[in-house]
Amino acid sequence: AEKMFAHQEYDFGSVARGALAEHKFPVKNLYKEDVHLSSVTSSCGCTAPRLSQDLLKSMQQGYIIADFNTRAFDGDHSATLTVTIDQPFPAQVQLKVKGFIRKDVVLSPGRVDLGNVDAGDLVERKVEVAYAGRSDWEIVDVRSANPNFEVEMNQKERSAGRVSYELTVRLKPSAPPGFISDRLTLVTNDANNRLISLPVEGNVVAVMTVSPASLQMGMVKSGATSKRQLVVKGKSPFKIVRIDCDDKAFKFETTDEARKLHVIPVTYTGGDKAGKFTRQIRIVTDAGISALPAVTAHVEVQAEPAASPIAPPAAKTEVTPGADAAKPTGSTRPPVEERPSAVRAPVAPLPVIGGPIESPR
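Mapping to this note's numbering: the sequence shown position 41 is 633, numbers consecutive.
Written out as structure tokens, the structure is:
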């Protein structure tokens, strides 16, 4: 069961009081049977876990969502999340989270929520950082591992041990399509707690989409075919220029007409080689090759069992009245020789030399 989890530990780092600190543990069903997640519990009230869904079909992915409660707790906290599975086999997997909740720093709002953003658009959000304590406290830098973020910082207040900043967070138009679950790190001059984590979430929606992203062709016998469909959508009419795949067993039917919606029939013919195969399918449109992500196709080929050799029927023997029954008509076998009789011939008496000798038995 642990193989289904990409990772089992997460550190929220240092987060401000009131910050919306949330982390998603991906869980993917790698097996043929359905996997049912019956429950998830936490060892500490500082973390509230929940399931994105309880049933995972084969190759389907879900999430264990951990919400770090920064509103009711402060200081160092950690929790163990226990995920219980009851089907197809009983199992338990433990996930661990930890973090430090600061009570002298408050973020408003607690995270940067970008929402749904069309690919190529520029979007920005504002966050206020309030600090109470040292009069010389300041934010000296804002860092992120995501190159698609840009942050502008403006100090609004500094008086009597209170400091406030306004952060303007921008998502660059170069951000690729997909979900964003990241964070910004505020670097301060506080030697004891230099770093403050600010979560960033959103979804960059592609101008064009293809579904399903994982094409399951199923089980195909050698020489047989399997048929599926790919659906390509766009906000404006487009043409499909070509479809690239390094496996000639895949065949695609397309049209030259510009449409907002293309339904592409896909046919796979099983080859002589048995086994499970994974292939990449890339759809190229007149909107550009980067507009659509590659589709991963999965197929399992079963070779036909070899036919068992069939023995030729035995030759019929015809017996002619009065003929020798041991010689079949049309037979290629040599005639069977008659065996000698098992009756022994009489033994002649041996001559007597120097006395009588007994006859052999």
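Glycine included, each C-beta is placed from N, C-alpha and C at the ideal position.
Near residue i, which residues of its chain fall below 6 Å by C-beta distance, leaving aside the five closest residues on each side in sequence?
i	result
D916	Confidence in D916 is poor, its pLDDT being 49 and thus under 50, which makes the residue's placement unreliable; the coordinate value appears in the next sentence. Taken in chain order, the list of residues that qualify is empty.
R762	E716 and E742
N746	E758
R754	A724
G712	P765
R851	P829
P769	A711, V796 and A798
N781	E730 and V732
Q679	H628
D836	R874
L884	M800, V802 and I875
Would you mind giving the Cβ-Cβ distance between residue i and residue j, rounded to the nearest angstrom? I have them listed as a contact below 8 Å.
i	j	result
V709	V802	Actually they are not in contact, since the Cβ atoms of V709 and V802 sit about 19 Å apart, beyond 8 Å.
S606	L822	Incorrect: roughly 46 Å between the Cβ atoms, too far for contact.
V792	L853	Actually they do not touch by this definition, with Cβ atoms about 33 Å apart.
H890	L807	7 Å
A608	R694	5 Å
A816	G862	5 Å
T846	I856	6 Å
S814	E896	5 Å
Which residue marks the beginning of the beta strand (DSSP E) containing residue i, and which one marks its end?
i	result
K840	Unbroken run through K840: none, as it is neither H nor E.
Q872	G867 to T877
A683	A683 to S700
T760	R754 to L763
A658	Q653 to F660
D782	Where D782 is concerned, there is no enclosing beta strand (DSSP E), given that its DSSP letter is neither H nor E.
E892	V887 to Q894
P641	T639 to L643
F665	Careful: F665 lies outside any beta strand (DSSP E) and carries neither H nor E.
M745	F741 to S751
H854	R851 to T861
P768	No beta strand (DSSP E) holds P768; DSSP gives it neither H nor E.
G605	E601 to R609
P618	A613 to K620
Y623	Where Y623 is concerned, there is no enclosing beta strand (DSSP E), given that its DSSP letter is neither H nor E.
T726	A small fix is needed here, since residue 726 is Arg in this sequence, not Thr. First-last for R726: undefined, no H or E at that position.
G707	V704 to D710
For residue i, count neighbouring Cβ atoms within 10 angstroms of its own Cβ and tell me buried if that reaches 16, exposed if not.
i	result
N621	buried
E594	exposed
P641	buried
V627	buried
G826	buried
R726	exposed
V935	Unreliable positioning characterises V935 in this predicted model, as indicated by a pLDDT of 47, which lies under 50. A coordinate reading is not provided.
T633	exposed
V721	buried
L714	exposed
S818	buried
M811	exposed
L544	The first residue shown for the chain is 593 and the last is 953, placing residue 544 beyond what the model contains.
L778	buried
K624	exposed
G637	exposed
H599	exposed
What residues in its chain sit with their C-beta under 8 Å from that of residue i, if we drop five residues either side in the sequence?
i	result
K718	E758, L759, T760 and V761
V887	V802, P804, A805, S806, L807, L822, Q872, I873, R874 and I875
A752	S727
Q684	A593, T674, V675, T676 and I677
T639	A658, D659, F660, N661, H669, A671, L673 and V689
Taking 7 Å as the cut-off, is the C-beta of residue i nearer than that to any heavy atom in the ligand HEM?
i	result
E896	This structure lacks the ligand HEM, and indeed carries no ligand of any kind.
Can you list, in chain order, the residues of its chain with a C-beta nearer than 7 Å to that of residue i? Leave out the 5 residues immediately preceding and following it.
i	result
D878	F830, K831 and V833
V698	A608, R609, G610 and A722
Y860	M809, V812, T817, S818, A841, F842 and V891
Quiz item: Fully enclosed by the region 788-821, which alpha helix (DSSP H) runs are 4 residues long or longer?
Solution: none
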